[in-house]
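Everything below concerns the one structure shown next.
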Amino acid sequence: MIRVLVVIGPTAVGKSQVGIQLAQQYNGEIISGDSIQVYRQLNIGSAKVSKEQQKMVVHHLIDTKDISENYHVAAFQNESRKIISELNKNAKLPIIVGGTGLYIKAALYDYQFNEEEKLDFKLESLTNEQLKFKLTNIDPQTAEIIHINNRKRLLRALQMAMSGNKRSDVLAKQAKEPIYDCLLIGLTCQRDILYQRIESRIDTMIKEGLFEEVDELYQNDHALFDYQALQAIGYREWRDYYQNKFDKEVIVNNIKLHTRQFAKRQYTWFNNQLPVKWFDINDDTFMSNIHKEVKEWLNNG
RNA sequence: GGUUCCGUAGCUCAGUUGGUAGAGCAGUGGACUGAAAAUCCACGUGUCGUUGGUUCAAUUCCGACCGGAACCA
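Here is the structure:
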C-alpha cells in the first residue's frame, strides 16, 4: 500500500508550516488539500503558502484554476491520486496538507464518482417538497436521509437518481476504507486560543492588502461575486461592501465571524469522519511527538 | 429642575388584558460522497433594573429609587 501522510486541522492552526517541516525531514512533497488555494487569483484571503515557502518544498494543487472555473471533489480526487502515485514512483512521500475535509476523505477513501454525468434535468423550478417527493419515488433510501430544507443535496441526489445512478446504490458499492496506508496528523488547540489566532490572522490579511486584492478583481470584472470561487470566506463578504450595505469595519468583523464558524465545522468533520491523531500546538513537545508518530508509522510494514 | 419613554437570554428586541416568558443573531453539538471556505439540522431558566405597596398571585398595576434616552425650561 502506498503511504500517504496527512496534516489536517482547523483554519489558522498552522498546518502549512508543519507540512513544510515534515516534507523537508521525510523527503516529501506537499499536496494542498484545500478547495480555495487552487484558484490563482485568490492569494491573501485564502492564506496561500508564500512563494518562498513554495520554493522550500514542492507544492501541488495550488494555483491550478482560474476563478471563473468551478472546482469540485471529483476533480480533486482524480488529480490528487495521480500525484500520489507519481510521487510514490519517485520515492517521495506524499503529504496532503489542508482543511477541506471532504476533499481529503474522497482522495483517501473509496469514494466513487462517475466519469461523465450529464446532470441537466431542469429541476430548479420545483419546490423542496416536490423534489423530496420525486426522490422518494426513485431512491427512497436517500430521500429519507436528506432533510427537506437541504435543497442542494436534494437536487444532487435527484439528479443522480434520474441519471440512473442512485446515490444509495453508489454508496453501497463502496468499501468505506482508505485505499492508502495513511497517517492523519491533526493540529489543534484550545478553542478560545484558536479564535484569537483567527482574529489576528485576519487583521494581518487586511494589512497585507486583502481589500486591494478583492478590489482589483472586482474592478476588472463586476460579475466577480457570481463565481463559485468567490463563495470563499474572506471574499464573499465584500459583496455587501460594493452594494453599500456595510462599511469595511463590518465586513472585516463578518469575515472573522464566518471564519470562526468555519473552524467549528471543520472540527465536527475531522472528529467524526476521520481517524485523526491530534496534537496540541501549545504543547511544547508537539512537534517532536509528531516526529515520533511519523517515524513509527514509517518503520512499520 | 419638569414631562415623556426605555431598562426582559451574551447582543437586538417581542410578550404576558396579573397565573414567573420567546424570537432573531451570537454560542454549542451534529449531519455531510461532483458548490464543502458550500449546504443543512438540533439545543433557549433568564434574580423580566432595585425596592416597597395593592393582590390568593406581580416581570405585568401603583409608588419610590437607580441607570439611560428624548423633549421642555
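Numbering-wise (the numbering used here), the first sequence opens with residue 1 and increments by one. Ideal Cβ positions, reconstructed from N, Cα and C, are used throughout, including at glycine.
Hey, how far is the Cα of residue i from the Cα of residue j?
i      : j      : result
Met349 : Ala23  : Missing from the structure shown is residue 349; the chain here goes from 1 to 301 and no further.
Met205 : Ser50  : 13 Å
Val73  : Phe270 : 17 Å
Val294 : Leu183 : 8 Å
Asn289 : Thr64  : 34 Å
Ser32  : Ile96  : 6 Å
Phe246 : Ala229 : 22 Å
Output the boundary residues of the beta strand (DSSP E) element that contains residue i.
i      : result
Leu187 : Asp181 to Thr188
Asp280 : Lys277 to Asp280
Ile31  : Gly28 to Ser32
Leu5   : Arg3 to Ile8
Val97  : Leu93 to Val97
In the DSSP assignment, find the alpha helix (DSSP H) that holds residue i and state where it starts and stops.
i      : result
Leu102 : Gly101 to Leu108
Pro140 : Pro140 to Ile145
Arg81  : Val73 to Lys89
Val250 : Lys248 to Gln273
Leu171 : Arg167 to Ala172
Val49  : It is not in any alpha helix (DSSP H) - Val49 carries neither H nor E in the DSSP assignment.
Gly19  : Lys15 to Gln25
Classify residue i: buried if its beta carbon has 16 or more other beta carbons within 10 angstroms, exposed otherwise.
i      : result
Asp284 : exposed
Asp34  : buried
Gln130 : exposed
Ile148 : exposed
Asp192 : exposed
Thr259 : buried
Lys292 : exposed
Phe76  : buried
Arg167 : buried
Inset, instruction - Count the CB pairs spanning the segment 235-254 and the segment 2-16 that are closer than 8 Å, and state whether there are at least three. - result: The segment 235-254, when compared against the segment 2-16, does not touch it at the 8 Å Cβ threshold.
Inset, instruction - Report yes or no: do the segment 206-215 and the segment 44-53 share at least 3 C-beta pairs separated by less than 8 Å? - result: The segment 206-215 vs the segment 44-53: in contact.
Legend entry - Contiguous alpha helix (DSSP H) assignments of at least 4 residues, all confined to the segment 198-242: Taken in chain order, the complete alpha helix (DSSP H) segments of 4 residues or longer contained in the segment 198-242 are 210-220 and 238-242.
Legend entry - Cβ contact (3+ pairs, closer than 8 Å) linking the segment 10-19 and the segment 101-114: By the Cβ criterion, the segment 10-19 is not in contact with the segment 101-114, since fewer than three pairs of Cβ atoms, one from each stretch, lie closer than 8 Å.
Inset, instruction - Flag this pair as touching only if the segment 105-113 and the segment 173-190 have three or more C-beta atom pairs under 8 Å; answer yes or no. - result: A contact exists between the segment 105-113 and the segment 173-190.
Inset, instruction - Decide if the segment 235-244 is in contact with the segment 153-160; the criterion is three or more beta carbon pairs, one per stretch, under 8 Å apart. - result: Three or more beta-carbon pairs separated by less than 8 Å are not found between the segment 235-244 and the segment 153-160, which leaves the two stretches without contact.
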